[in-house]
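To start, the structure under review is shown below, and the notes come after it.
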Amino acid sequence: MAYNEKLAARVRESLAELPKVDEKEKMGGLVFMLEDKFCVKVHNDDLLCRIDPAVYEGALEQKGCREWIYKDKPMKGWVMVGAEGTKNKKNLDYWMQLVTSFNVNAKSSKKKK
Numbered sequence: 054m055a056y057n058e059k060l061a062a063r064v065r066e067s068l069a070e071l072p073k074v075d076e077k078e079k080m081g082g083l084v085f086m087l088e089d090k091f092c093v094k095v096h097n098d099d100l101l102c103r104i105d106p107a108v109y110e111g112a113l114e115q116k117g118c119r120e121w122i123y124k125d126k127p128m129k130g131w132v133m134v135g136a137e138g139t140k141n142k143k144n145l146d147y148w149m150q151l152v153t154s155f156n157v158n159a160k161s162s163k164k165k166k
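Here it is, written out as structure tokens:
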């Protein structure tokens, strides 16, 4: 799997106090699940963040943030954050606050049988 292990350790530390956090190596990176819901993924040096669609436009204005394009379509409520946007604790904390606060209201993915 191709992901920045130092960034993964920082994300892990940020989520350490929360209940029901699981890690799964999949989709080309390390996915952090919170309450059985996709929360954030470390892929290479980037974070894929699942955020509230209501704050999506504002999030795109943050340093290092860009749309996440999936199958040629921008995914509202999902953003990619490059190394520039996670280089210090304050920056990473901003993204972790967005993903964890949205996780409470996020819908769970359907389980594959």
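When we follow our numbering, the leftmost residue of the sequence shown carries the number 54, and every step to the right adds one.
Note that beta-carbon positions come from the ideal geometry of N, C-alpha and C, so glycine has one too.
- Each residue's CA atom was taken as its position, placing residue 139 and residue 77 some 21 Å apart.
- Secondary structure of residue 149 (DSSP, three-state): helix.
- In this structure residue 113 is exposed. Its beta-carbon is surrounded by fewer than 16 other beta-carbon atoms within 10 angstroms.
- Counting other Cβ atoms within 10 Å of its Cβ, residue 122 stays below 16 and is therefore classed as exposed.
- Annotated three-state conformation of residue 108 is helix, per DSSP.
- For residue 71, same chain residues with a beta-carbon under 8 Å away, outside a window of 5 residues either side, are 87 and 153 in chain order.
- Distances from the CA of residue 150 to each of 103, 136 and 129 were compared; the closest alpha carbon is that of 103.
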